[in-house]
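Residue numbering for the sequence shown follows this note's numbering, starting at 108 and increasing by one per position.
Idealized CB from N, CA, C, for every residue including glycine.
If you're wondering where the values come from, they're calculated on a predicted model, not measured in any experiment.
Here's the structure, in structure tokens; my notes come after.
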Amino acid sequence: MLDEFIHKPRIAYFSMEIALRCEIPTYAGGLGILAGDTMRSATDLGLPMVAVSLISRAGFFRQEIDDTGRQLEQAATWDPRRWAQALDAKIAVHIEDRTVWIRAWLYVLEGHMGGRQPVLLLDTDLDENESSDREITHYLYGGGPIYRLKQEIVLGIGGARLLQALGFTIRHYHMNEGHSALLGLELMRRYTHSAEHLRPGESPYDFPRVRDMCSFTTHTPVEAGHDRYSYDLIRRILDNGFDIETIKRLAGDENLNMTRLALNLSEYVNGVARKHAEISSAMFPGYRVHAITNGVHPYTWAAEPFRQIFDHYLPGWCHEPQLLIRADCCIPDAAIWQAHVQAKQLLIEKVQALTGVVLQPDIAVIGFARRMTAYKRPDFLFSDLERLQLIAHKYPFQIVLAGKAHPMDENGKHLIEQLHAQARALKGKITVVYLPDYDMALAQTLTAGADVWLNTPLPPLEASGTSGMKAAFNGVPNLSVLDGWWIEACIEGLTGWAIGDAAGINDGDAAMLYDKLENLVLPLYYGRSDGGWVRLMKGAISKNASYFNSHRMMRRYATEAYNW
Ligand SMILES: *Cc1c(COP(=O)(O)O)cnc(C)c1O
């Protein structure tokens, strides 16, 4: 089953979550979409990789929302047999004082251009294991720190061992976020100098070799966001014969900080946008943090009508999305507008199917969808309902929202309730719909069908952001706070608009958003006949999509990070 994949060396990509297709709920948000897009680009580019993640049998969750706006979480249990094949090999890791067996399911990612890449989904739900251990790979981001540490042992240590047992030759390891950093400990164990060659006091571990084999992408711009474990917990759960003093030197004196461990065992460290790399360098002085800015997968995120016009006017764009740079001069305005009208119609149908609300095709749609969590500030647009209504009176618009809150994020769930209350308050004046169960498929429809894509995070907390890039592939301009990728992508009035300046924007500054909407965005939209709006749509494609795609990202990882 694996023959076609193990005959040549590969790069192993480790990620706690991965969005392979919308029927497989092994992802929670942007991190998982990035992992999926990474592998999809590797597939199109013929870059030999193998992804390692968890089977997450219970999925993240399926979101329902009751009449009052409360989020209800339903299990999103899926059947791996439907999409993947169980592999025979099993390996063991030690967790607490037990042996935990792990096997993998093989999912084959098939690209639309004929490429194939293996994805291994790790599974502890085996008869050999105690019942509590069988659940280690069930719940994505479920449970507390002990559960999380067990998952990270399975992912990092188990994943590395299983790759070896299956016969893969791995030239380089890429950690997508710190969750898989324990992989570095496994490599240290593997690459040890034998005692007779050691000088007194010299470490037995071949650190240069381990570091040469590892790259690490960090995603979190705040200290509190990094996984850390007390050494008491480490002694109790992760008894793998490591000398704790050695781990402390690599991962921190007080706690085992997964980010620090990954930093110390990786030759190449990457932030997900230029600004995020700067912030990460400041947070962890002494490490060089590179900036390969994120991108999204071209074919996946261009809606069908746009795929068709790109194929017609810019053949080859799927392999070389740089060709989209010619979109502004080589694609007729009418073709762009027609493709957008079709994409918007699909959104209108989806909204009607999900909520019963019928949106007006001739009225502007403002889209906002992402994980619902405080720093994303989904309520920013609703800071001043009176002002919002005054603008709508002059230039009508409709608002489409979506997003899940993590089940333990009470704040995020409260935001969803607030948004529903605001939608009710605006009823009859501004149409506001909240679509339940935001997932990959809904993201495709929404980022393509909106007229304007809104983003209002609290800087500098949006490390990159990728949904705006998806919008750009469909000629949808961004209206966004200057943070993450948008600092690099915004050309005012040409690819979209900035809200506030590089110094950031406070909660009280919503007037800046309203001013842009009232004076620039909506007048341009309704003055479409002079061609200004389509020029902007073309700017989003030619200046943003041509660059902020995962093909460019992977070509850079391949030439700059992967040491093979
Ligand atoms: C793209 C995507 C995200 C990430 O969106 P951001 O705006 O970058 O936060 C989250 N969830 C889903 C389902 C997505 O498709």
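Start-to-end residues for the alpha helix (DSSP H) that takes in residue i
{"i": "W444", "result": "D440 to T462"}
{"i": "L213", "result": "Element bounds for L213: not the alpha helix (DSSP H) but the beta strand (DSSP E), R205 to E217."}
{"i": "C321", "result": "C321 -> not in any alpha helix (DSSP H); beta strand (DSSP E) instead, spanning C321 to T324."}
{"i": "N371", "result": "M365 to N371"}
{"i": "R255", "result": "P252 to I260"}
{"i": "L672", "result": "Here the chain has residues from 108 to 671 only, and residue 672 is not among them."}
{"i": "Q529", "result": "E517 to A532"}
{"i": "D169", "result": "Residue identity differs from the one stated: residue 169 is Arg in this sequence, not Asp. No alpha helix (DSSP H) holds R169; the beta strand (DSSP E) holding it covers R169 to I172."}
{"i": "A272", "result": "G266 to L273"}
{"i": "E361", "result": "It is not in any alpha helix (DSSP H) - E361 carries neither H nor E in the DSSP assignment."}
{"i": "H201", "result": "That residue, H201, is in no alpha helix (DSSP H); its beta strand (DSSP E) goes I198 to I202."}
Nearest neighbour of residue i, chosen from the options [CA to CA]
{"i": "E217", "options": "Q467, V465, Y406 and F413", "result": "Y406"}
{"i": "H333", "options": "T325, L340 and D339", "result": "T325"}
{"i": "Y312", "options": "H419, S301, C321 and G274", "result": "S301"}
{"i": "R642", "options": "W444, M515 and Q551", "result": "W444"}
{"i": "G136", "options": "E385, I125 and H219", "result": "I125"}
{"i": "L565", "options": "Q496, L533, F487 and Y633", "result": "F487"}
{"i": "L276", "options": "L289, D173 and M156", "result": "For clarity, residue 276 is Thr in the given sequence; the question names Leu instead. Checking every option, the nearest Cα to that of T276 belongs to M156."}
{"i": "A530", "options": "H383, D174 and R635", "result": "D174"}
{"i": "R477", "options": "T554, R395 and E524", "result": "T554"}
{"i": "T231", "options": "L262, R278 and G222", "result": "L262"}
{"i": "E456", "options": "H397, G556 and K520", "result": "G556"}
{"i": "P468", "options": "V448, M479 and T480", "result": "V448"}
{"i": "E352", "options": "I243, S373, S310 and D110", "result": "S310"}
{"i": "G634", "options": "Y502, L453 and R662", "result": "Y502"}
{"i": "L368", "options": "L568, F314 and G639", "result": "F314"}
{"i": "D614", "options": "Q192, D491 and V376", "result": "D491"}
{"i": "R188", "options": "K623, E203, E595 and R164", "result": "R164"}
{"i": "M644", "options": "C321, M547, A446 and E569", "result": "A446"}
{"i": "T327", "options": "R662, I386 and E203", "result": "I386"}
{"i": "F349", "options": "H426, T299 and G638", "result": "T299"}
{"i": "D319", "options": "D346, A442, A331 and G291", "result": "G291"}
{"i": "R381", "options": "G402, T133 and S373", "result": "G402"}
Rounded Cβ spacing between residue i and residue j (contact assumed at less than 8 Å)
{"i": "Y214", "j": "L228", "result": "6 Å"}
{"i": "I648", "j": "A579", "result": "7 Å"}
{"i": "L589", "j": "A618", "result": "Wrong, their Cβ atoms sit about 16 Å apart, outside the cutoff."}
{"i": "V207", "j": "A196", "result": "About 15 Å; that fails the 8 Å criterion."}
{"i": "G646", "j": "D435", "result": "7 Å"}
{"i": "A267", "j": "L294", "result": "7 Å"}
{"i": "A652", "j": "P428", "result": "7 Å"}
{"i": "F417", "j": "W408", "result": "Actually they are not in contact, since the Cβ atoms of F417 and W408 sit about 12 Å apart, beyond 8 Å."}
{"i": "G249", "j": "I523", "result": "G249 to I523, Cβ: 20 Å. No contact."}
{"i": "H404", "j": "A570", "result": "Not quite, the Cβ-Cβ distance comes to about 19 Å (not below 8 Å), so this is no contact."}
{"i": "I202", "j": "D240", "result": "7 Å"}
{"i": "W671", "j": "H279", "result": "5 Å"}
Bounding residues of the beta strand (DSSP E) (the contiguous stretch that carries residue i)
{"i": "Y541", "result": "V539 to L542"}
{"i": "V588", "result": "N585 to V588"}
{"i": "L549", "result": "Unbroken run through L549 is the alpha helix (DSSP H), M547 to G556; no beta strand (DSSP E)."}
{"i": "V157", "result": "M156 to L161"}
{"i": "L508", "result": "F504 to A509"}
{"i": "M660", "result": "Premise fails: M660 lies in the alpha helix (DSSP H), S657 to R663, not in any beta strand (DSSP E)."}
{"i": "S337", "result": "R335 to S337"}
{"i": "L227", "result": "R223 to D230"}
{"i": "W604", "result": "G603 to I606"}
{"i": "Y375", "result": "Y375 to G378"}
For residue j and residue i, the rounded distance between their alpha carbons
{"i": "I253", "j": "L340", "result": "8 Å"}
{"i": "M365", "j": "P307", "result": "30 Å"}
{"i": "H500", "j": "H527", "result": "21 Å"}
{"i": "Y654", "j": "T602", "result": "12 Å"}
{"i": "R335", "j": "W593", "result": "30 Å"}
{"i": "F475", "j": "W560", "result": "6 Å"}
{"i": "A532", "j": "V539", "result": "10 Å"}
{"i": "R128", "j": "L631", "result": "36 Å"}
{"i": "F679", "j": "L370", "result": "Given a span of 108 to 671 for the chain in the structure shown, any question on residue 679 remains unanswerable."}
{"i": "Q181", "j": "Q170", "result": "6 Å"}
{"i": "I162", "j": "H245", "result": "7 Å"}
{"i": "H397", "j": "V458", "result": "41 Å"}
{"i": "G54", "j": "V376", "result": "The requested residue 54 is not part of the displayed model; the chain covers only 108 to 671."}
{"i": "S587", "j": "N236", "result": "49 Å"}
{"i": "P543", "j": "K511", "result": "8 Å"}
{"i": "Y541", "j": "L495", "result": "18 Å"}
{"i": "M146", "j": "A158", "result": "7 Å"}
{"i": "G674", "j": "A149", "result": "A question about residue 674 goes unanswered here, because the residues of the chain that appear run from 108 up to 671."}
{"i": "M123", "j": "I438", "result": "40 Å"}
{"i": "R343", "j": "M661", "result": "39 Å"}
{"i": "P567", "j": "G378", "result": "13 Å"}
Distance cut-off 7 Å: residue i Cβ against heavy atoms of ligand 3
{"i": "R478", "result": "Among the ligands modelled here, namely ligand 1, ligand 3 does not occur."}
CB contact below 8 Å: residue i versus chain C
{"i": "G510", "result": "In summary, chain C is missing from the structure at hand, where a single protein chain is found."}
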